[in-house]
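Numbering (the UniProt record's numbering), first residue to last: 1 to 279.
Printed below as a string of structure tokens:
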């Protein structure tokens with residue numbers, strides 16, 4: 001079922017999506033990070049729209065304009081919701097691009113639903129793959145205390161937390177870097193549109209989900225992009241490990257760039273993604 005730019009999933013959750021450009025063009029599907037919305041992709045959507053692509057992005061359940069559903073805040077459901085959008089729009093030969101948590105969503109979506117010509121390539125940007133949490137099997141990860149701290153701040157004063165977190169997110173705490181007020185405000189705006197429950201439970205989804213098997217299952221070309229000064233998803237346990245697991249992967253590391261490089265360094269990142277897509 002659909003209503004304007006919404007798809008209703010099997011459990012009744014309404015997923016908001018944007019679908020711009022000619023329906024006959026190759027689609028690029030964007031998957032946003034926590035706790036944001038599809039608005040975080042506006043710069044990329046306009047860029048690729050101008051290059052002749054069809055661009056699609058959705059708000060994850062509990063985020064942005066999608067339903068503030070009580071349940072389903074896990075990577076399997078995130079991927080199933082993305083599939084509901086792709087299936088309704090009948091997207092084929094699509095490029096799927098995910099940032100941060102959205103990178104994990106892309107890995108699971110492509111592994112589970114990417115057959116039958118639906119997916120041509122995938123791009124993981126500053127992604128949480130393969131797993132963020134430190135475990136016996138993955139000692140490079142971050143300790144559980146880090147994620148417990150995120151949960152505590154989300155539960156106690158989410159509004160202030162969402163003012164503070166964009167500073168390291170975009171590297172605005174580094175010497176010589178001037179914070180961009182509009183970027184911080186837009187991060188806060190997107191975050192506060194969403195559900196506190198979805199954001200709280202989503203921390204477990206992006207930190208504890210082991211996506212190693214998903215990465216191994218992907219058989220389309222994968223581009224992995226990561227800044228080496230990412231203070232949110234450190235590169236050593238993320239991109240440098242993920243590239244070892246994909247069959248057909250390319251890794252590009254950006255010296256000095258932050259977790260939010262898609263926004264503050266779009267002039268660098270967008271052409272690199274375009275080159276991979278059109279190669």
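Virtual Cβ for every residue (Gly too), placed ideally from N, Cα, C.
Taking C-alpha positions only, residue 155 is separated from residue 214 by approximately 31 Å. Within the same chain, and ignoring the five residues on either side of residue 55 in sequence, the residues whose Cβ sits closer than 6 Å to its Cβ are 20, 21, 28, 45, 48, 49. Using a 10 angstroms sphere on the CB of residue 77, the tally of other CB atoms reaches 16 or more, which defines it as buried. In the three-state DSSP reduction, residue 226 falls in the strand class (E or B). The region 32-39 makes no contact with the region 71-88; the number of CB pairs closer than 8 Å stays below 3. Nearest Cα to residue 31 within the set 6, 168, 122: 122. By the C-beta density criterion, residue 189 is exposed, having fewer than 16 other C-beta atoms within 10 angstroms. Counting along the chain, residue 92 sits inside no beta strand (DSSP E), nor does DSSP assign it H or E at all.
Exposure of residue 143 is indicated by the presence of fewer than 16 other C-beta atoms within 10 angstroms of its C-beta. Following the DSSP letters along the chain, one finds residue 17 in no alpha helix (DSSP H) but inside the beta strand (DSSP E) bounded by residues 14-20. The C-beta distance from residue 264 to residue 228 rounds to 15 Å, too long to meet the 8 Å contact threshold.
Less than 7 Å divides the Cβ of residue 17 from the Cβ of residue 5. A buried status is given to residue 195, since no fewer than 16 other beta-carbon atoms sit within 10 Å of its beta-carbon.
Around the C-beta of residue 152, fewer than 16 other C-beta atoms lie within 10 Å, and the residue is accordingly described as exposed. For residue 249, DSSP records a beta bridge to 222. Assigned with DSSP and collapsed to three states, residue 123 falls in strand. Residue 174: not part of any beta strand (DSSP E); DSSP gives it neither H nor E. Looking from the CA of residue 199, the closest CA among 70, 12, 23 belongs to 70. If you look at residue 8, you'll find it isn't in any alpha helix (DSSP H); it sits in the beta strand (DSSP E) that goes 6-8.
As DSSP reads the structure, residue 58 sits in a beta bridge with 17. Between the region 57-68 and the region 89-96, the count of Cβ pairs shorter than 8 Å is below three; the stretches do not touch. In the structure shown, residue 240 adopts helical secondary structure according to DSSP, grouped into three states. As the crow flies, the alpha-carbon of residue 192 is around 15 Å from that of residue 150. When the Cα atoms are used, residue 238 and residue 11 turn out to be separated by approximately 32 Å. A contact is defined here as three or more CB-CB pairs under 8 Å, and the region 204-214 fails this definition with respect to the region 156-170. With a threshold of 16 other beta carbon atoms within 10 Å, residue 81 meets it and is buried.
If you compare the alpha carbons of 97, 42, 64 with that of residue 14, the shortest gap goes to 64.
Between the C-alpha atoms of residue 171 and residue 247 there is a straight-line separation of about 32 Å.
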